[in-house]
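In the numbering used here, the protein residues as written are 4 to 178.
Notes follow once the structure below has been shown.
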């Protein structure tokens, strides 16, 4: 092989390697699923959705709330908040209402920044209309839930943000 051909082949190989490396760093497009229904309003179906069907930790962080953040009780001193594509697609929401099918997952962390629990809000049409149709759940790391459904503690804490569809972290109409 002569030198110009070798250099062209080497350049082409380097470009291919760079493209493959860059492509593997890009965030994968989240799989979209039909909105959860009333028959899915249980902890097993929700765990299946966030851990098996689509691993929540590949979802986007809440816009403007990337990575670990300081938290508060009952979620722990640190947290990370992930949101599914249905919610991202509905932002900003001029009506300050999350779209049906929205799921918000919060990793609750201790002072050592270790995940100790997973809490979520899932918008299920008809589940609880007087409280935004949110299904609430708290899981241990193996998927066992110790609180789910119309959880009074969750509803009461988030009720101060009723005009923002019970979402505390950020206004749903924010740009």
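C-beta: ideal position from N, C-alpha, C; glycine also.
query = Do you know offhand how far residue 61's Cα is from residue 171's?
reply = 22 Å
query = For residue 162, is the classification buried or exposed, using 16 other Cβ atoms within 10 angstroms of its Cβ as the cut-off for buried?
reply = exposed
ask   = Thinking C-alpha only, which one of 144, 110, 126 is nearest residue 80?
value = 110
ask   = Between the C-alpha atoms of residue 148 and residue 77, what's the straight-line distance to the nearest angstrom?
value = 15 Å
ask   = Enumerated in chain order, which unbroken segments of the beta strand (DSSP E) with a length of 3 residues or greater are wholly contained in the segment 88-150?
value = 106-112, 118-126, 137-142
query = Is DSSP giving residue 176 helix, strand or coil here?
reply = coil
message = Does residue 175 pass the burial test, meaning 16 or more other C-beta atoms within 10 Å, or should it be called exposed?
response = buried
ask   = Any idea what DSSP makes of residue 72, helix, strand or coil?
value = strand
request  = Give the secondary structure of residue 52 by DSSP, where H, G and I count as helix, E and B as strand, and everything else as coil.
outcome  = helix
task = Measure the CB-CB distance between residue 112 and residue 71 and report whether it falls below 8 Å.
result = yes
ask   = Using CA coordinates, which residue listed in 49, 94, 48, 133 is at the minimum distance from residue 63?
value = 94
query = If you draw a straight line from the alpha carbon of residue 37 to that of residue 87, how long is it in whole angstroms?
reply = 12 Å
ask   = If we count the other Cβ atoms within 10 Å of its Cβ and call it buried at 16 or more, is residue 125 buried or exposed?
value = buried
ask   = Buried or exposed: which applies to residue 44, given that a residue is buried once 16 or more other Cβ atoms fall within 10 Å of its Cβ?
value = buried
message = Quick check on DSSP: helix, strand or coil for residue 163?
response = helix
task = Could you pull the start and end residues of the beta strand (DSSP E) that residue 86 belongs to?
result = 81-86
ask   = What number of angstroms, rounded off, separates the C-alpha of residue 106 from the C-alpha of residue 89?
value = 8 Å
task = Go ahead and label residue 24 buried or exposed: buried means 16 or more other beta carbons lie within 10 angstroms of its beta carbon, across all protein chains shown.
result = Confidence in residue 24 is poor, its pLDDT being 45 and thus under 50, which makes the residue's placement unreliable; the coordinate value appears in the next sentence. Flag for residue 24 reads exposed.
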